[in-house]
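Everything below concerns the one structure shown next.
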Amino acid sequence: MPRPISRSLFLKGLVGLTAGATVGKLWYDWMQAKASIPCKMLGPSMSIGHKLRDGATLGRKSEQPPEECKVTIIGAGISGLSAAWWLKRQGMTDFRILELESHVGGNSASGSNRVSAYPWGAHYVPLANQESQYVRMLFEELGIIAGYDSTERPIYNELFLCHEPQERLFKDGSFQEGLVPKRGLQKSDSRQIAKFFETVKRFRDTVGSDGKPAFAIPLDLSSTDQAIVSLDKLSMSQWLQDNGFDSKPLLWYVNYCCRDDYGSALEHVSAWAGLHYFAGRRGNAANAENNSIVTWPEGNGFLVDKLKQGLKDQIISGAPVIAVSDSGSAVDTVFVRSETGECLSTKSERVIFAAPRFISKFLLKGDLAKSQVDFEALSYAPWLVANITLRTVPRARGTALAWDNVSYYSRSLGYVVATHQNITTRAGETVVTYYLPLSGSDPNVARHELLSTSSEHWSKVIVADLEQMHPEISKDIIAIELWPWGHGMIRPSVGFIWGDTRRKMKESQGKVFFAHSDMSGISNFEEAQYHGIKAAQGVLDQLRRS
Amino acid sequence: MTYPLLLTAFAISTCGLVYELIAGTVASYLLGDSVTQFSTVIGVYLFFMGIGSFLSRYVNKNIVLTFVQVELLVGLVGGSSATLLFILFERVESFRILLYGLVAIIGILIGLEIPLLMRILKDRLEFKELVSQVFTFDYVGALLASLIFPLILVPYLGLIRASFLFGLLNVLVAIWTIYLFKAELPWLRSLRAMAVVLVIALVGGFAYSDKLMAFAESSTFQDPIIYSTSTPYQRIVITGGGKDVKLFLNNNLQFSSRDEYRYHEALIHPAMASLKHPRDVLVLGGGDGMAVREILKYPSVASVTLVDLDSEMVSLFRDQPLFSQLNGDALKDKRVSIINQDAFTWLKRCHNTFDIAIVDFPDPSNFSLGKLYTDTFYRAVKKVLGPQGLVVVQSTSPYFAKNSFWCVVSTLSSVGFQTVPYHAYVPSFGDWGYVIGAKSPFQLAASYPDGLRYVSADTVNQLFSFPKDMLPTINSVNKLNNQSLVHLFESEWGEYAETH
Ligand SMILES: Cc1cc2nc3c(=O)[nH]c(=O)nc-3n(C[C@H](O)[C@H](O)[C@H](O)COP(=O)(O)OP(=O)(O)OC[C@H]3O[C@@H](n4cnc5c(N)ncnc54)[C@H](O)[C@@H]3O)c2cc1C
Chain V
222 MPRPISRSLF LKGLVGLTAG ATVGKLWYDW MQAKASIPCK MLGPSMSIGH
272 KLRDGATLGR KSEQPPEECK VTIIGAGISG LSAAWWLKRQ GMTDFRILEL
322 ESHVGGNSAS GSNRVSAYPW GAHYVPLANQ ESQYVRMLFE ELGIIAGYDS
372 TERPIYNELF LCHEPQERLF KDGSFQEGLV PKRGLQKSDS RQIAKFFETV
422 KRFRDTVGSD GKPAFAIPLD LSSTDQAIVS LDKLSMSQWL QDNGFDSKPL
472 LWYVNYCCRD DYGSALEHVS AWAGLHYFAG RRGNAANAEN NSIVTWPEGN
522 GFLVDKLKQG LKDQIISGAP VIAVSDSGSA VDTVFVRSET GECLSTKSER
572 VIFAAPRFIS KFLLKGDLAK SQVDFEALSY APWLVANITL RTVPRARGTA
622 LAWDNVSYYS RSLGYVVATH QNITTRAGET VVTYYLPLSG SDPNVARHEL
672 LSTSSEHWSK VIVADLEQMH PEISKDIIAI ELWPWGHGMI RPSVGFIWGD
722 TRRKMKESQG KVFFAHSDMS GISNFEEAQY HGIKAAQGVL DQLRRS
Chain S
338 MTYPLLLTAF AISTCGLVYE LIAGTVASYL LGDSVTQFST VIGVYLFFMG
388 IGSFLSRYVN KNIVLTFVQV ELLVGLVGGS SATLLFILFE RVESFRILLY
438 GLVAIIGILI GLEIPLLMRI LKDRLEFKEL VSQVFTFDYV GALLASLIFP
488 LILVPYLGLI RASFLFGLLN VLVAIWTIYL FKAELPWLRS LRAMAVVLVI
538 ALVGGFAYSD KLMAFAESST FQDPIIYSTS TPYQRIVITG GGKDVKLFLN
588 NNLQFSSRDE YRYHEALIHP AMASLKHPRD VLVLGGGDGM AVREILKYPS
638 VASVTLVDLD SEMVSLFRDQ PLFSQLNGDA LKDKRVSIIN QDAFTWLKRC
688 HNTFDIAIVD FPDPSNFSLG KLYTDTFYRA VKKVLGPQGL VVVQSTSPYF
738 AKNSFWCVVS TLSSVGFQTV PYHAYVPSFG DWGYVIGAKS PFQLAASYPD
788 GLRYVSADTV NQLFSFPKDM LPTINSVNKL NNQSLVHLFE SEWGEYAETH
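These protein sequence lines are chains V and S, in that order. Going by the working numbering, the first sequence opens with residue 222, and the numbers climb by one from there. Going by the working numbering, the second sequence opens with residue 338, and the numbers climb by one from there.
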């Protein structure tokens with residue numbers, strides 16, 4: 222009879238196997254690492270912002286005399302560009318726009334590569350409400366609204382209306398149409414979802430005691446009826462609880478919407494803001510459903526490009542403003558030419574401050590620095606956006622690829638497909654834009670996480686998240702580019718929209734008018750445009766009078 | 338003899354796990370959703386291993402003989418499993434029955450192996466040693482299999498070859514066992530012969546796996562494939578059996594040379610002949626040149642502009658004599674200019690005017706094709722037509738997909754065309770539909786070019802009447818932002834596919 226396996230043989234074998242497995246694993250990891258996806262961190266120039274914050278000296282003095290103009294606009298985001306658009310419309314062209322970045326657009330900027338153009342932030346605008354007259358005006362000018370039908374409903378250019386299918390949701394192993402969960406619902410879930418939509422529909426039709434709609438776009442046109450405005454004093458989660466909404470799928474959906482529009486979870490958003498998302502949109506069209514939107518491969522970068530055409534002489538980009546002071550007869554705006562490091566300035570009668578509002582506390586000097594605004598009350602949600610170039614459209618179970626693709630299980634908002642609006646039958650490479658609001662923790666902590674984490678790590682997190690929906694996606698990824706937005710969006714925290722801080726933020730300070738979407742407490746195209754135009758109107762008014 | 342036998346435990350467990358992984362992977366490739374496929378394959382496999390173990394109690398006589406037979410059988414079934422699955426995928430009614438059937442057979446055989454082996458060894462080892470050693474080798478083999486499968490087998494050998502290789506391993510185990518027990522085994526000769534035949538077959542399969550893969554694809558089609566290629570846009574397959582040449586794009590039949598004249602005559606002549614002197618003709622899609630062949634039967638035609646995305650498709654039907662003879666070398670005609678672009682994008686930039694546009698796209702089976710059937714698209718077509726201009730659209734079957742067909746009609750009307758729907762019977766397709774869109778009142782021609790086989794002045798009227806079962810029940814306009822045609826098409830053809 223042969224010897225049974227001895228203990229020492231067994232142990233040796235075990236050691237051998239462990240060694241083998243370790244080597245194998247290392248080899249496997251090495252192979253994987255070799256095949257890792259190229260990724261790159263882009264993003265706004267933060268160093269200048271941080272230097273401003275820290276009061277570091279920037280640039281060297283130049284001998285050039287200041288450039289004189291009637292108006293200086295600081296910041297070429299949607300608000301700054303809209304201020305310029307309005308000034309020009311009113312026949313005033315003697316202005317300069319100073320933009321920190323080498324490109325314009327701010328949160329609505331876009332990029333492009335061999336495959337497609339794609340957004341770096343804002344990517345759509347809903348159908349314009351009746352009262353959103355400036356949006357309609359711009360849309361008419363750009364041919365986005367091609368005309369009106371006999372009942373005054375706008376006819377939209379169909380190439381810009383989001384093509385079907387618009388949205389899909391990944392839940393329970395496959396994609397369903399639309400974002401409101403449909404599968405795996407209890408009776409009570411369906412009942413609550415129906416009731417929720419009835420409730421918001423009622424809000425949509427509500428008119429306050431002052432005759433204004435309860436929720437308007439821009440939100441400053443909303444009713445100030447206390448009964449409605451007092452909704453700003455509680456959080457959205459509180460409101461849902463008070464009204465008996467506790468269905469998980471419903472809460473998921475409402476939370477998703479808050480994260481999507483405000484970059485913040487239910488608990489951190491006021492009920493007024495939360496409801497505004499659902500009850501504010503009353504846009505319609507002759508040729509689309511009411512919940513339609515307009516979008517382009519480059520997202521709202523399309524609007525930025527249109528707005529910037531014709532402003533070539535006025536825009537100075539790569540020109541961070543570092544100081545604004547009132548010299549009595551005029552306002553001096555000092556900026557650095559990023560290319561040369563020189564400090565230059567403009568001397569103008571009025572200034573439109575269209576950079577994020579909190580920055581004004583670093584830039585405004587002298588008398589202008591005496592602000593009433595409690596800057597501590599401003600809270601900003603950090604975001605991470607990634608543009609992912611893919612060899613082929615991602616495969617998954619369930620309904621076909623939509624423009625907006627969301628997972629029930631992810632802390633991201635999913636992705637939008639840049640090539641969705643293409644009128645081509647070429648299947649193949651595409652770019653998808655992935656959105657991750659860092660709404661989980663305190664914004665300051667999240668901002669730190671965002672900026673201190675390497676691009677490789679973020680790419681891994683993103684790919685792992687996408688693999689939940691598309692198990693085989695990693696082999697189709699050509700490249701990932703990341704864009705961290707440290708102060709992506711102002712947060713409509715409880716009490717902010719109808720509180721004192723916001724009211725004071727809107728007031729002009731001497732010759733300086735404020736235009737950023739921050740002044741709404743929520744960040745979107747309509748609000749940014751509105752504040753840009755309001756500032757321009759204020760400036761024109763004063764200039765006319767003086 | 339104990340260690341050699343224990344080594345077999347190692348070998349057979351490796352093989353067993355590899356077959357299971359192969360089945361799971363092939364199923365994921367073919368059916369998608371790897372989580373479901375792997376879980377169900379593993380579950381079924383383990384269950385049938387249990388059945389195999391249970392059945393081992395009924396083996397009472399010559400245990401070694403049964404063990405050898407099981408090994409040979411596993412070698413055969415397991416070794417050819419990947420090939421079988423790939424080839425039969427298109428051929429069998431229910432692939433899942435085949436898949437789980439195969440997994441079950443392999444599971445039972447593998448389940449038999451270890452109990453049999455243990456019984457062979459039972460007199461040679463103490464019970465506790467027996468159990469410990471057999472299972473040690475068994476599990477180590479499993480580890481080996483699960484490591485080499487993703488790291489070496491799939492990337493370097495591919496599934497078909499990997500399965501032949503492991504089939505071979507099983508047969509070698511059988512041969513090894515025959516050798517060890519040659520004194521005790523009956524039918525030595527026939528066992529050896531069987532083993533040799535299997536070795537040859539499996540080695541052959543391993544060597545010719547490329548050919549097998551190609552065959553697996555060809556089995557999708559009834560006739561031999563005479564040409565196949567993948568362009569960036571589609572998979573083109575042309576089959577030819579005798580006189581009948583068929584073109585498949587992404588496995589959908591586009592034409593059969595036996596009756597394509599019906600399809601193309603009906604597409605072209607009712608509209609073309611109604612024009613007095615059609616000069617400038619636009620063809621969107623239709624890179625096979627058959628439509629152009631019909632168009633060139635009108636002497637007044639001065640130019641034909643063919644816009645087709647796929648340049649390879651067009652050059653196939655222009656430059657390869659075998660296929661260009663089908664369209665009578667129409668694409669070589671001086672009057673024809675070919676543009677390889679997206680029709681929609683091209684149209685939006687086009688500033689020329691045409692007398693007639695022929696729209697011959699694949700059916701609206703997905704959202705990107707659906708865009709070529711929208712009101713926005715037809716508006717772009719209308720813009721390039723002269724005041725008397727006509728458009729003809731192939732618009733799927735009014736019998737199988739009647740609402741889809743009428744949706745195309747309403748969409749054309751919605752942009753201001755006067756619409757004239759009609760249909761023709763094309764045996765290899767069934768009843769097929771077309772719509773003429775006219776910018777000014779449409780009147781059928783009194784005469785047609787010579788040499789037509791299907792359309793004639795006497796019978797053309799029949800094409801324009803629709804029986805009741807082809808009338809719509811839903812009326813909708815297809816738009817970029819509702820894609821109602823794709824939704825209708827999906828549900829109508831889906832329904833048809835389910836019931837047939
Ligand atoms: C990830 C993300 C997604 C979004 N998606 C949408 C969407 O889909 N739809 C939508 O409507 N809205 C969306 N938004 C909201 C978006 O913020 C607004 O639509 C709009 O772009 C805001 O414009 P703005 O002009 O108010 O602000 P900003 O875009 O912040 O513009 C401010 C500009 O000022 C410049 N600036 C800052 N400091 C200085 C300085 N010192 N000197 C000179 N210039 C300076 C900045 O570079 C910037 O260009 C999104 C926002 C984010 C972050």
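Glycine included, each C-beta is placed from N, C-alpha and C at the ideal position.
Bridge partners for residue i per DSSP, in chain order?
i, result
"MET710(V)", "ALA602(V)"
"ASP553(V)", "SER546(V), LYS568(V)"
"MET262(V)", "LEU703(V)"
"PHE391(V)", "PHE396(V), SER628(V)"
"ASP768(S)", "TYR762(S)"
"PHE735(V)", "PHE574(V)"
"ALA694(S)", "LEU619(S), VAL728(S)"
To the nearest angstrom, how far is the alpha carbon of residue i from that of residue j?
i, j, result
"TYR476(S)", "ALA602(V)", "52 Å"
"PRO658(V)", "HIS669(V)", "14 Å"
"GLY495(S)", "GLY389(S)", "29 Å"
"ILE536(V)", "LEU528(V)", "11 Å"
"MET457(V)", "VAL715(V)", "9 Å"
"SER418(S)", "HIS824(S)", "38 Å"
"SER680(V)", "PHE396(V)", "23 Å"
"LEU789(S)", "THR377(S)", "57 Å"
"GLU728(V)", "LEU622(V)", "46 Å"
"TYR493(S)", "ALA499(S)", "9 Å"
"PHE746(V)", "SER593(S)", "54 Å"
"ARG310(V)", "GLY432(V)", "30 Å"
"ILE773(S)", "VAL696(S)", "10 Å"
"GLY562(V)", "GLY280(V)", "5 Å"
"SER485(V)", "LEU634(V)", "12 Å"
"GLN678(S)", "ILE485(S)", "46 Å"
Output yes if chain A places a C-beta closer than 8 Å to the C-beta of residue i; else output no.
i, result
"LEU422(S)", "Chain labels in this structure do not include chain A; the protein chains are V and S."
Reducing DSSP to helix, strand and coil, say where residue i ends up.
i, result
"PRO724(S)", "strand"
"LYS580(S)", "coil"
"TRP704(V)", "strand"
"PRO487(S)", "helix"
"LEU455(V)", "coil"
"PHE779(S)", "coil"
"LEU238(V)", "helix"
"TYR395(S)", "helix"
"THR722(V)", "helix"
Take residue i as the anchor and find which of the options has the nearest alpha-carbon.
i, options, result
"ARG712(V)", "PRO347(V), THR722(V), LEU703(V)", "THR722(V)"
"GLY742(V)", "TYR498(V), SER333(V), ILE683(V), VAL244(V)", "TYR498(V)"
"HIS708(V)", "ALA667(V), THR613(V), SER729(V), PRO375(V)", "ALA667(V)"
"GLU521(S)", "ILE359(S), LYS669(S), ASN399(S)", "ASN399(S)"
"ILE782(V)", "TRP460(V), SER513(V), TYR355(V)", "Nothing about residue 782(V) can be read from this structure; chain V reaches only from 222 to 767."
"VAL319(S)", "PHE503(S), GLY438(S), THR514(S), ILE515(S)", "Since the first residue shown for chain S is 338 and the last is 837, residue 319(S) is missing from the structure and cannot be characterised."
"PRO541(V)", "SER566(V), GLU519(V), SER550(V), GLN530(V)", "SER566(V)"
"THR362(S)", "GLN374(S), LEU505(S), ALA544(S)", "GLN374(S)"
"VAL421(V)", "LEU247(V), GLN447(V), GLY495(V)", "GLY495(V)"
"SER513(V)", "ARG433(S), ARG630(S), ASN819(S)", "ASN819(S)"
"LEU722(S)", "THR690(S), TYR736(S), PHE737(S), TYR715(S)", "THR690(S)"
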